[in-house]
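Participant:
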Amino acid sequence: MKKLFVLILLAATGISCTNSKVDNAAQLITKDGMMNHIETLSSDEFLGRSTGTEGEEKTVNYLVEQFKAMGATSGVDDGSYVQRFPLLGQKTMSHSMEVRRPLRRSTINTFTYFEDFVAWPSNQSEKVDIKDAELVYVGYGIQAPEENWDDFKGVDVKGKIIIIKNNDPEYDEDLFGGKTRLYYGRYTYKYEKAKEMGALGAIIIHTTPTAGYGWGVVSNGWSRERFYVKSDENADKGNTEMNGWVTYEAGKTLFNQAGLDIDEMLEAADSPDFEPVELKNTGLSVSIEAEYRDINSRNVIAKVEGNDPELKDEYLVLTAHYDHLGITKPIDGDSVNNGAEDNAAGVSAVLESMKAYKTIQPELKRSVLAVVVGAEEVGLLGSQYWAENPTVHPGKVTGNINLDGMNVYGETNDLVIIGYGRNTLADKVVEVAEEQGRTVKPDANPEQGIFYRSDHFNMAKVGIPAIFPNPGNEFVNKPEGFAETVDSVSAANYHSVNDEINEYWDIAGAVKDTRLFFEVGFRALNDDKLQAWKQGDEFEATRLKMLEELK
């Protein structure tokens with residue numbers, strides 16, 4: 441009996457010692473440490489950290505220096521810490537779109553670029569010249585066997601332009617996550633599906649309710665230079681020549697010409713029995729010219745190796761994007777988009793976390809991989825490249841914590857997890873938060889599809905259980921109405937020259953949250969099992985496939 445008591449005592453003491461070491465390591469994540477990184481990276485010296493610029497060069501050098509100084513090793517085989525990747529910039533120079541009567545070879549209506557439509561070559565061609573293309577409305581353009589949903593119903597759309605309703609069905613909580621937008625509702629899915637089905641082109645009808653933002657966001661965003669990861673696959677000319685958006689009014693013109701009512705058509709898409717509708721007596725002619733340029737960007741990858749002989753080749757991946765918007769048109773004499781909150785703060789959290797993990801390296805079973813990515817602001821391209829060219833097999837990655845936009849305004853009693861309840865890593869956040877007397881909330885606006893708008897999404901696409909923490913709003917020791925002030929200030933500064941350290945900043949909030957994620961990461965690193973997606977999640981099948989590849 442005495443021997444059993446001693447064994448229990450020793451086991452408990454071991455747990456206590458480990459907890460103490462973790463707590464002590466977490467305390468190394470400090471206000472001064474985080475602010476030093478943020479002040480440096482968001483200074484004018486770094487020129488706004490835009491993709492493919494001198495500012496990126498300075499940032500990459502800084503990150504490599506920091507990882508070397510803390511003793512983290514290179515996560516790239518050549519020892520450089522740097523994963524380089526090629527990008528292709530595309531800028532459209534001329535555009536026209538005409539609604540036609542194909543049989544009469546006459547033009548009914550000419551749409552105005554920017555006001556009525558935006559469009560671009562989808563296959564990296566320099567010129568698109570489509571004459572009197574047939575149009576087929578395919579509802580949401582979704583094929584989802586797990587939901588018993590197929591908007592194409594076997595209809596051949598090869599050589600035709602498909603017209604698509606934005607979003608995914610949200611009228612039924614048992615379908616497509618209800619009001620939570622899934623990847624099926626993202627425009628990227630629509631264009632990918634069009635290519636898969638061999639369509640000549642794909643046009644999405646914009647409405648503010650289905651997009652979650654106004655037409656100005658679409659027209660401004662898609663009329664700028666666009667970037668793509670340059671690869672043999674993307675260079676494949678394929679059958680799909682163009683992608684684009686049209687306004688609701690332009691869509692109405694298309695349907696009216698075919699004798700159809702746009703509102704009835706949009707409503708019809710909500711039925712699983714929907715069948716594609718040909719827009720009879722209606723054709724579309726599209727002409728686009730584009731120019732291209734090659735640029736290069738980089739991810740910075742560092743590792744703190746685990747110590748378990750069987751598990752050290754498995755990884756927890758921490759991501760944050762270091763890039764921002766660079767130099768733009770001056771506002772009140774300031775032209776540098778410093779990106780302090782977006783995302784020098786997230787990079788700082790990764791650096792501080794890696795430093796803390798390094799101090800308790802002997803306690804880690806699995807390894808920690810920091811993947812600090814570039815080219816996020818131009819389309820999540822750095823994380824896309826890593827996911828498509830991973831430095832470790834995705835099936836060896838237990839999970840991903842993506843830090844993009846930290847709470848820089850003070851401590852809160854709560855925090856938000858984008859991806860709440862979707863995987864066991866998210867469950868660990870709830871577990872640790874409850875132990876610390878804090879609450880975890882789900883995304884308050886799931887219909888906006890925020891889960892698909894940051895770098896963790898590319899990790900999820902290759903099956904890695906991923907979470908995207910967001911700041912809470914139950915501030916501690918702040919004046920009444922402070923949360924509303926923060927929302928206003930943050931929104932006003934977002935993607936502008938005003939994203940700088942300001943009088944509202946209180947880095948204690950970011951420190952508190954980073955320490956919590958550090959503890960979550962430690963538990964994932966030492967868990968008996970790899971983290972997993974919940975049964976039925978849209979990424980579960982990919983995860984199982986990745987794990988099967990390793991057998």
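Straight run, no breaks: the sequence shown in this note's numbering ends on number 991. Cβ atoms here follow ideal geometry from the backbone N, Cα and C, with glycine treated the same way.
Short check: CB of alanine 760 to CB of asparagine 783, under 9 angstroms?
Facilitator: yes
Participant: If you compare alpha carbons, which of Glu538, Val813 and Glu980 is closest to proline 830?
Facilitator: Val813
Participant: Per DSSP, threonine 838 is paired with what?
Facilitator: Partner(s): none; threonine 838 has no beta bridge.
Participant: Work out the CA separation of glycine 654 and lysine 508 for me, nearest whole Å.
Facilitator: 45 angstroms
Participant: Does arginine 983 pass the burial test, meaning 16 or more other C-beta atoms within 10 Å, or should it be called exposed?
Facilitator: buried
Participant: For asparagine 913, report the span of its alpha helix (DSSP H) as first-last.
Facilitator: Where asparagine 913 is concerned, there is no enclosing alpha helix (DSSP H), given that its DSSP letter is neither H nor E.
Participant: CB glutamine 523 to CB phenylalanine 667, shorter than 9 angstroms?
Facilitator: no
Participant: Whole angstroms are fine: how far does the CA of isoleucine 469 sit from the CA of asparagine 942?
Facilitator: About 22 angstroms.
Participant: Note down, in chain order, each residue of its chain lying with its Cβ closer than 7 angstroms to the Cβ of leucine 622, except the 5 sequence neighbours on either side.
Facilitator: Asp608, Phe616 and Glu978
Participant: Mind pulling the beta strand (DSSP E) runs of 3 or more residues that sit fully within the stretch 857-941?
Facilitator: Counting only runs of 3 or more residues that sit fully inside the stretch 857-941, the beta strand (DSSP E) segments are 879-882 and 906-911, in chain order.
Participant: Between which two residues does the beta strand (DSSP E) holding leucine 1014 run?
Facilitator: In this structure the chain extends from 441 to 991, so residue 1014 is not present and cannot be described.
Participant: In the DSSP output, which residue or residues are listed as bridge partners for glutamine 583?
Facilitator: In the DSSP assignment, the residues bridged to glutamine 583 are Asp590.
Participant: So, helix, strand or coil for alanine 981, using DSSP?
Facilitator: In the three-state reduction of the DSSP assignment, alanine 981 falls in the helix class, which pools H, G and I.
Participant: For leucine 970 versus glycine 839, is the C-beta distance shorter than 9 angstroms?
Facilitator: yes
Participant: Secondary structure at arginine 955, three-state DSSP: helix, strand or coil?
Facilitator: helix
Participant: Excluding the five sequence neighbours on either side, which residues of its own chain have a C-beta within less than 6 angstroms of the C-beta of glycine 976, listed in chain order?
Facilitator: none
Participant: On a Cα-Cα basis, can you pick out the residue from Asn660, Ala873 and Val837 that is closest to threonine 852?
Facilitator: Ala873
Participant: Tell me which residues share the same chain as alanine 651 and place their Cβ nearer than 8 angstroms to its Cβ, disregarding the 5 neighbours each side in the sequence.
Facilitator: Asn606, Asn607, Val657 and Val658
Participant: Within 10 angstroms of its Cβ, does serine 807 collect 16 or more other Cβ (buried), or is it exposed?
Facilitator: Its Cβ being crowded by 16 or more others within 10 Å, serine 807 is buried.
Participant: Where does glycine 473 sit, in a helix, a strand or coil, going by DSSP?
Facilitator: helix
Participant: Among Gly889, Ile907, Thr499 and Phe897, which one has its Cα closest to the Cα of valine 880?
Facilitator: For valine 880, the nearest C-alpha among the options comes from Ile907.
Participant: Using DSSP with H/G/I as helix, E/B as strand and the rest coil, what is arginine 621?
Facilitator: In the structure shown, arginine 621 sits in coil (DSSP, three-state: anything other than H, G, I, E or B).
Participant: Checking 9 angstroms against the spacing of the C-beta atoms, do isoleucine 601 and valine 726 come in under that value?
Facilitator: yes
Participant: Report the residue from Lys743, Pro911 and Glu497 whose alpha carbon sits nearest the alpha carbon of aspartate 517.
Facilitator: Lys743
Participant: Exposed or buried, what is histidine 477 when buried is set at 16 or more other beta-carbons lying within 10 Å of its beta-carbon?
Facilitator: buried
Participant: Using 8 angstroms for Cβ pairs, my map puts methionine 986 next to valine 902. What's the rounded Cβ distance?
Facilitator: 7 angstroms
Participant: Quick one, are the C-beta atoms of aspartate 774 and valine 937 less than 9 angstroms apart?
Facilitator: In contact: aspartate 774 and valine 937 (Cβ atoms closer than 9 angstroms).
Participant: Taking the beta strand (DSSP E) that valine 576 falls in, what are its first and last residues?
Facilitator: 567-577
Participant: If you compare alpha carbons, which of Ala900, Ala884 and Pro886 is closest to asparagine 842?
Facilitator: Ala900
Participant: Please confirm whether alanine 573 and tyrosine 797 have their CB atoms less than 9 angstroms apart.
Facilitator: no
Participant: Determine the DSSP secondary structure at asparagine 853, reduced to helix, strand or coil.
Facilitator: coil
Participant: Helix or strand or just coil, what does DSSP make of glutamate 665?
Facilitator: coil
Participant: What residue ranges within the stretch 778-814 form continuous beta strand (DSSP E) runs of no fewer than 3 residues, ordered along the chain?
Facilitator: 807-813
Participant: Would you check if the stretch 628-648 and the stretch 586-605 touch, i.e. whether three or more CB-CB distances between them fall below 8 angstroms?
Facilitator: yes
Participant: So, do the stretch 495-514 and the stretch 736-755 have three or more beta carbon pairs nearer to each other than 8 angstroms?
Facilitator: Taking 8 angstroms as the limit for Cβ pairs, the verdict is that the stretch 736-755 does touch the stretch 495-514.
Participant: Could you please give me the residues that DSSP links to tryptophan 973 through a beta bridge?
Facilitator: Looking at the DSSP assignment, tryptophan 973 forms a beta bridge with Asn863.
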